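J.:
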Amino acid sequence: MDSFIKFTDVHRNYSPEQHSGVSGINLEIKKGEIVSIVGESGSGKTTLLKLIYGYLVPQEGEVTYLGKRILGPAEKLIPGHDDMRMVTQEVTLNLYARVFDNISGQLSNTDLKTKKELTLQTMEFLRIDHLANKKIVDLSGGEQQRVAIARAIITEPTVLLLDEPFSQIDTILKKQLRDDIERLSKFLNITVIMVSHDPSDALSVANKLVIIKDGKIVRQGCPKEIYANPESDYVAKLLGKANILEGFSFLESGKIFAAYPQDIKIESSASGISVKVKAVHFNGIYNEITFILEEKQLIAYDFDFMEIQPHTEVTISFKKLKPLDKLA
Ligand SMILES: Nc1ncnc2c1ncn2[C@@H]1O[C@H](COP(=O)(O)OP(=O)(O)OP(=O)(O)O)[C@@H](O)[C@H]1O
Numbered sequence: 001m002d003s004f005i006k007f008t009d010v011h012r013n014y015s016p017e018q019h020s021g022v023s024g025i026n027l028e029i030k031k032g033e034i035v036s037i038v039g040e041s042g043s044g045k046t047t048l049l050k051l052i053y054g055y056l057v058p059q060e061g062e063v064t065y066l067g068k069r070i071l072g073p074a075e076k077l078i079p080g081h082d083d084m085r086m087v088t089q090e091v092t093l094n095l096y097a098r099v100f101d102n103i104s105g106q107l108s109n110t111d112l113k114t115k116k117e118l119t120l121q122t123m124e125f126l127r128i129d130h131l132a133n134k135k136i137v138d139l140s141g142g143e144q145q146r147v148a149i150a151r152a153i154i155t156e157p158t159v160l161l162l163d164e165p166f167s168q169i170d171t172i173l174k175k176q177l178r179d180d181i182e183r184l185s186k187f188l189n190i191t192v193i194m195v196s197h198d199p200s201d202a203l204s205v206a207n208k209l210v211i212i213k214d215g216k217i218v219r220q221g222c223p224k225e226i227y228a229n230p231e232s233d234y235v236a237k238l239l240g241k242a243n244i245l246e247g248f249s250f251l252e253s254g255k256i257f258a259a260y261p262q263d264i265k266i267e268s269s270a271s272g273i274s275v276k277v278k279a280v281h282f283n284g285i286y287n288e289i290t291f292i293l294e295e296k297q298l299i300a301y302d303f304d305f306m307e308i309q310p311h312t313e314v315t316i317s318f319k320k321l322k323p324l325d326k327l328a
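FYI, in UniProt numbering the residues of the sequence shown are 1 to 328.
#1: Please report whether the beta-carbon of F7 lies at a distance below 8 angstroms from any beta-carbon of chain D.
#2: According to DSSP, is N13 helix, strand or coil?
#3: Report all residues from its chain with a CB closer than 7 angstroms to the CB of G141; omit the five preceding and five following residues, and keep chain order.
#4: Give me the residue from S274, D263, V235 with the minimum Cα distance to K319.
#5: If we count the other Cβ atoms within 10 Å of its Cβ and call it buried at 16 or more, is G215 buried or exposed?
#6: May I ask you to report which of helix, strand or coil DSSP gives K30?
#7: Should R85 go down as buried or exposed, given a rule of 16 or more other Cβ atoms within 10 Å for buried?
#8: Comparing alpha-carbon positions, which option in Y301, G39, L162, A259 lies nearest A279?
#9: Please say whether A202 and D233 have beta carbons closer to each other than 8 angstroms?
#10: Run the CB neighbour count on S104, radius 10 Å, all protein chains shown included, and call it buried at 16 or more, exposed below.
#11: Closer than 7 angstroms: is that where the CB of V195 sits relative to any heavy atom of ligand 1?
#12: Helix, strand or coil, according to DSSP, for Q297 in the structure here?
#13: In angstroms with no decimal places, state the Cα-to-Cα distance between V87 and A242.
#14: Would you say I5 and Y65 are within 8 angstroms of each other, going by their C-beta atoms?
#15: Is the CB-CB distance between I136 and Q144 below 8 angstroms?
#16: For ligand 1, any of its heavy atoms closer than 7 angstroms to the Cβ of T88?
#17: DSSP three-state call for N102: helix, strand or coil?
#18: Using only the alpha-carbon positions, how far apart do L321 and P310 sit?
#19: So is G21 buried or exposed if we call it buried at 16+ other beta carbons inside 10 Å?
#20: Look at the alpha carbon of F305 and the alpha carbon of L95, and state the distance between them as a whole number of angstroms.
#21: Measuring CA to CA, which of K237, V314, V235 is closest to G272?
#22: By Cβ distance, which residues of its chain are closer than 8 angstroms to L93, with the 5 residues on each side in sequence left out?
#23: For the segment 245-273, which segments carrying the beta strand (DSSP E) assignment without a break, of at least 3 residues, lie completely within its bounds, in sequence order?
#24: Can the beta-carbon of N207 be found less than 8 angstroms from the beta-carbon of E33?
#25: For the segment 65-83 and the segment 245-259, state whether three or more C-beta atom pairs, one from each stretch, are separated by less than 8 angstroms.
#26: H281 bridges to which residues according to DSSP?
#27: In the DSSP assignment, find the alpha helix (DSSP H) that holds L203 and state where it starts and stops.
#28: Are three or more beta carbon pairs between the segment 124-134 and the segment 155-162 nearer than 8 angstroms?
#29: Regarding G42 and ligand 1, is the C-beta to nearest heavy atom distance less than 7 angstroms?
#30: With a Cβ-Cβ cutoff of 8 angstroms, do I299 and P261 count as a contact?
#31: Going by beta-carbon coordinates alone, are G39 and I211 separated by less than 8 angstroms?
#32: Would you check whether ligand 1 has a heavy atom nearer than 7 angstroms to the C-beta of G39?
This is how it looks when you write it as structure tokens:
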């Protein structure tokens with residue numbers, strides 16, 4: 001059986017002189033998966049989305065959808081794959097038209113009654129039916145984003161590509177969006193592929209994680225497994241703001257470990273490793289404690305709001321240390 005979406009040895013750069021774009025990409029995406037592509041800024045995340053959608057073509061290798069090569073912009077009258085929709089951060093909505101018209105306008109060659117029914121269904125699915133008669137300019141950023149997703153899904157795509165969907169919304173809307181993405185996948189069987197530079201969003205919703213660095217995939221697989229065993233400092237820092245421990249006197253020489261901030265325990269007893277507190281920042285859910293250990297700066301989260309003061313000494317212990325194979 002043909003793979004759903006498959007990259008085989010894909011290379012696509014923007015300029016031969018400088019490093020840009022992506023290279024050596026091998027990736028398979030299964031139907032119905034929620035895939036999150038994460039990586040630091042400029043690592044090539046959007047380039048991967050554009051290669052899937054057909055906004056870019058590889059210079060080497062190929063990208064296929066159901067076994068067929070995805071056509072590039074020069075090979076199609078309207079660029080973009082007919083079975084897919086891509087929602088970007090730029091507002092592509094008609095700002096002065098009603099929400100209803102923005103969504104229903106996507107359905108050409110559909111009779112009025114069906115158009116109305118489908119638009120109502122889609123608005124209900126994304127819980128924006130109460131906004132039907134509002135103009136886009138009068139909506140919040142999060143509401144506009146839901147309208148953009150509604151516009152995309154009303155044409156019943158098999159694949160929805162989302163570029164930084166979580167970037168401009170607050171915590172409550174993030175939770176709703178996560179829920180929407182899960183429902184799109186579960187009830188409409190849409191494969192969702194999204195790009196995020198904040199991995200906490202990705203970890204919470206994706207069932208496959210693709211981690212990219214300098215245009216190359218450095219890890220792919222189950223989010224929980226990758227988080228539990230990051231293997232490289234890039235992945236550990238990206239996914240969990242991990243402290244990278246190397247060269248400390250209490251470590252075996254030559255070994256490197258990652259410690260997530262929540263895995264550093266601050267002890268009230270005298271046992272443990274003595275460190276000097278540099279700064280304490282209240283975060284709402286925890287205090288972020290910056291401390292100095294053997295002249296290196298590390299970060300721990302204190303969920304118990306212990307009375308820790310800057311410039312004092314405390315003792316710490318490591319609840320979990322994750323061995324790293326390499327420094328990227
Ligand atoms: N049209 C273009 N022309 C030249 N270089 C480009 C072009 N588009 C992207 N690049 C370069 O290719 C690399 C990857 O870009 P891409 O937009 O895919 O990264 P990204 O991971 O999505 O970044 P960000 O998180 O900042 O959006 C970057 O170095 C970028 O500057």
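The beta-carbon is built from N, C-alpha and C at its ideal position, and this holds for glycine as well.
Bear in mind that the values here come from a model prediction, so they are computed numbers and not experimental data.
T.: Let's see:
#1: The structure shown contains no chain D; it holds only a single protein chain.
#2: coil
#3: Q168, I169
#4: D263
#5: buried
#6: coil
#7: buried
#8: Y301
#9: no
#10: buried
#11: yes
#12: strand
#13: 31 angstroms
#14: yes
#15: yes
#16: no
#17: helix
#18: 25 angstroms
#19: buried
#20: 46 angstroms
#21: V314
#22: N102, I136, Q144, V147, A148, R151
#23: 256-259, 264-267
#24: yes
#25: no
#26: E288
#27: 199-205
#28: no
#29: yes
#30: yes
#31: yes
#32: yes
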